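**Q** Take this structure, written in structure tokens, and hold onto it; I'll ask about it next.
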Amino acid sequence: GESESMRGAGEGPKRVWPIAASPVEECVSELSPRPLREFLKRSLRELSKTPVEDPVKPPSEGALGTPRTWKSHLWVPAREQEVRETRRRHERRLVEVDSSRQQEYDFKMAQALGDLRSQHDEQLRLYRLELEQTYQAKLDNAKLSSDQNDKAASAAREELKEARMRVESLSYQLSGLQKQASAAEDRIRELEEAVAGERDKFRKMLDAKEQEMTEVRDAMQQQLAEYQELLDIKLALDMEISAYRKLLEGEEERLKLSPSPSSRVTISRATSSSSSSGVGMSVGRGRSKRRRLETEETQGSRSSGSGSSTGSGSRLAQQAPVPAVVSIDEVDLEGRFVRLKNASDKDQSLGNWRIKRQVPEGEDIAYKFTPKYVLRAGQTVTVWASGAGVIHSPPSTLVWKSQSSWGCGESSRTVLVNADGEEVAVQAVKQTSVQVSENGEEEEEEEEEEDLFHQQGDPRTTSRGCRLM
């Protein structure tokens, strides 16, 4: 039973003891050439794979199937001794191979290491030079950027400082201007209140003045009416006195008495056209009468003499313009010019004003002033027709280049119209004829005078001449 148990134990798997790598193997792996190194490694692996029986384990049957006895296990130390010898032998071979090629390999290795070291040193030098150049350039750029940034920062600080000073100055100015604005607003408020008070005051004064002017105008109209009535009475009395004087002179001549004084005054009533106000009408009539009296006296002195001659002449009567700021001072009878006068003490703008001329024998014409024309205070302006041959010399002498004549005829009407189309001044001209009787007296185509002369029985003829009104 003991033998079977030992046999059963011997039939189990054999234990293999690993062999650690020796220092020689490590040296061979480091210094030997590649083929030799592989061969030696392979041999060592084969030796390591050789199984070593456990010395404690009882031996199994022999190779021929004969069982081994316990005493037969004494061969195990001999086998291990053989393995050790084989290993030592291989190690000696490796040491011999290494010692023979060691110097050669050391020389080649030293040479290769030297070449490699020189290449690495050169490459390292190039790398170092390149790195130095690169980093030097970057360092220079960084320094330049730093300098620029420093300058920019300094400039920014200066600008910030100036901006702060400017802001402070503007703040002071703003506060001062705000104070001035508040003071100005208070002053404006006070002035507006004062202006409102003055406006109310002057409005009341203006209303009072308008009321006063209305009263004065009414009184003046009443006085003018009374004056007109007295003037009509005076004219009637003058005509009656003239008639009686003629009768007296006729009786003196018939009785051959001493002649009466040679100076005679013929009174005739002037027919006048209407103007813009009653004052202008009355003044115009007065001026017309005076001019007609002067004309009649001149003609009477020319026709005086024997008293037996008869003839006819013309008499001109002109109505003066309405008294205004700008009036029609004179109108040429031959149509050469029209003269205006500023009778006030202030300049008057005549921009876009027109002078209208109406002649029955021709078309109505109108001269228009330039938009910026101003007639100075107390000055006159004469507008000449181009046919008069006068040189254009503003502002006192103007030439109407597109019109050769203002026109003339038996009657005409000249009107000054402002920019709003309102008539400012009017002057009418009418031409009539007078007849001188045998006694040197003039007769006019007036209804009242005709009746008076018819009662006297004086010869009477009628012809038309020219009268200015």
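FYI, in the numbering used here the residues of the sequence shown are 2 to 470.
Note that beta-carbon positions come from the ideal geometry of N, C-alpha and C, so glycine has one too.
All values reported here derive from a predicted model rather than from experimental measurement.
Quick check: the Cα distance between Asn-142 and Ala-157, rounded to an integer number of angstroms?
**A** C-alpha separation (whole angstroms): 22 Å.
**Q** Look at the alpha carbon of Val-280 and the alpha carbon of Val-326, and state the distance between them as a whole number of angstroms.
**A** Residue placement at Val-280 is flagged as unreliable, the pLDDT there being 36, under the threshold of 50; the coordinate-derived value follows with that caveat. The straight-line gap from Cα to Cα measures roughly 14 Å.
**Q** Which of helix, strand or coil does DSSP assign to Leu-140?
**A** The answer is helix: DSSP assigns Leu-140 an H, G or I state.
**Q** If you follow the beta strand (DSSP E) that Glu-331 is part of, which residue opens it and which one closes it?
**A** Unbroken beta strand (DSSP E) run through Glu-331: 327-332.
**Q** Could you work out which residue in Val-375, Gln-404, Ser-350 and Tyr-374 is closest to Arg-358 when comparing CA atoms only?
**A** The shortest Cα separation from Arg-358 among Val-375, Gln-404, Ser-350 and Tyr-374 belongs to Gln-404.
**Q** Give every residue of the same chain whose Cβ lies closer than 7 Å to the Cβ of Val-391, excluding the five residues on either side of it in the sequence, and list them in chain order.
**A** So the qualifying residues of the chain are Trp-385, Thr-398 and Val-400.
**Q** If contacts are defined as beta-carbon pairs under 8 Å, then Lys-342 and Thr-381 qualify, I think. What distance do you get, rounded to the angstrom?
**A** Correct: roughly 5 Å between the Cβ atoms.
**Q** To the nearest whole angstrom, what separates the beta carbons of Ile-366 and Gly-408, a pair I think is in contact under 8 Å?
**A** About 7 Å; that satisfies the 8 Å criterion.
**Q** Quick one: grab the DSSP three-state call for Pro-212.
**A** Pro is not the amino acid found at residue 212; the sequence shown has Gln there. Gln-212 falls in the helix class under three-state DSSP.
**Q** Kindly give me the distance between the Cβ atoms of Gly-422 and Pro-361, rounded to whole angstroms, as I take these residues to be in contact under 8 Å.
**A** 23 Å between Cβ atoms; not a contact.
**Q** Is the beta carbon of Val-427 sitting closer than 9 Å to the one on Arg-414?
**A** Yes; because the gap between Cβ atoms is below 9 Å, this pair is in contact.
**Q** Using the Cβ count rule (16 or more neighbours within 10 Å means buried), how would you classify Ser-176?
**A** Classification of Ser-176: exposed, given that the 10 Å Cβ count is below 16.
**Q** Are Leu-351 and Phe-370 close, meaning C-beta to C-beta below 9 Å?
**A** Yes.
**Q** Report the CB separation of Ala-378 from Asp-348 in whole angstroms; it is logged as a contact under 8 Å.
**A** About 6 Å; that satisfies the 8 Å criterion.
**Q** Glu-83 by DSSP, collapsed to three states: which one?
**A** Three-state result, Glu-83: helix.
**Q** Any idea if Val-196 is buried or exposed, counting beta-carbon neighbours within 10 angstroms, 16 or more meaning buried?
**A** By the 10 Å Cβ count, Val-196 comes out exposed.
**Q** From the DSSP output, in three-state form, read off Gln-380 for me.
**A** In the structure shown, Gln-380 sits in coil (DSSP, three-state: anything other than H, G, I, E or B).
**Q** Could you give the distance in angstroms between the alpha-carbon of Leu-225 and the alpha-carbon of Arg-255?
**A** C-alpha separation (whole angstroms): 44 Å.
**Q** For Leu-414, name the three-state secondary structure that DSSP assigns.
**A** It should be noted that the sequence gives Arg, not Leu, for residue 414. Strand, per DSSP.
**Q** Look up Thr-371 in the DSSP assignment and say whether it is helix, strand or coil.
**A** Three-state result, Thr-371: coil.
**Q** Let me know the secondary structure DSSP gives Lys-357 once reduced to three states.
**A** Three-state DSSP puts Lys-357 in a strand.
**Q** Would you kindly work out how many angstroms separate the C-alpha atoms of Glu-227 and Lys-402, rounded to a whole number?
**A** So the two alpha carbons sit approximately 48 Å from each other.
**Q** Within this structure, are the beta carbons of Ala-429 and Ser-412 separated by less than 9 Å?
**A** In contact: Ala-429 and Ser-412 (Cβ atoms closer than 9 Å).
**Q** Helix or strand or just coil, what does DSSP make of Gln-236?
**A** Here residue 236 turns out to be Leu, not Gln, going by the sequence shown. Of the three classes helix, strand and coil, the one that applies to Leu-236 here is helix, per DSSP.
**Q** Give the secondary structure of Ser-313 by DSSP, where H, G and I count as helix, E and B as strand, and everything else as coil.
**A** At Ser-313 the pLDDT is 39, less than 50, meaning the model places this residue with poor confidence; the figure from the coordinates comes in the next sentence. DSSP places Ser-313 in strand when its eight states are reduced to three.
**Q** Check whether the Cβ atoms of Pro-396 and Tyr-368 lie closer than 9 Å to each other.
**A** No, the pair does not count as a contact, with Cβ atoms beyond the cut-off.
**Q** Does the beta-carbon of Thr-383 have 16 or more other beta-carbons within 10 angstroms, so that it is buried, or is it exposed?
**A** When all chains shown are included, Thr-383 counts as buried.
**Q** Does the distance from the CB of Ser-406 to the CB of Gly-336 come in under 9 Å?
**A** A contact, by the Cβ cut-off of 9 Å.
**Q** Going by DSSP, name the residue or residues bridged to Thr-398.
**A** DSSP output for Thr-398 lists Thr-383 and Ser-394 as bridge partner(s).
**Q** Leaving out the 5 sequence neighbours to the left and right, which residues in its chain are closer than 6 Å to Asn-353 when beta-carbon positions are compared?
**A** So the list reads Pro-372 and Ala-420, once near-sequence residues are dropped.
**Q** Give every residue of the same chain whose Cβ lies closer than 6 Å to the Cβ of Met-110, excluding the five residues on either side of it in the sequence, and list them in chain order.
**A** Counting only Cβ-Cβ distances below 6 Å, and skipping sequence neighbours, we find nothing.
**Q** Starting from the C-beta of Ser-119, find all residues in its chain whose C-beta is less than 7 Å away, skip the five residues before and the five after it, and write them out in chain order.
**A** Nothing listed; no residue qualifies.
**Q** With DSSP collapsed to three states, give me the class of Leu-258.
**A** Residue state, collapsed to three classes: coil.
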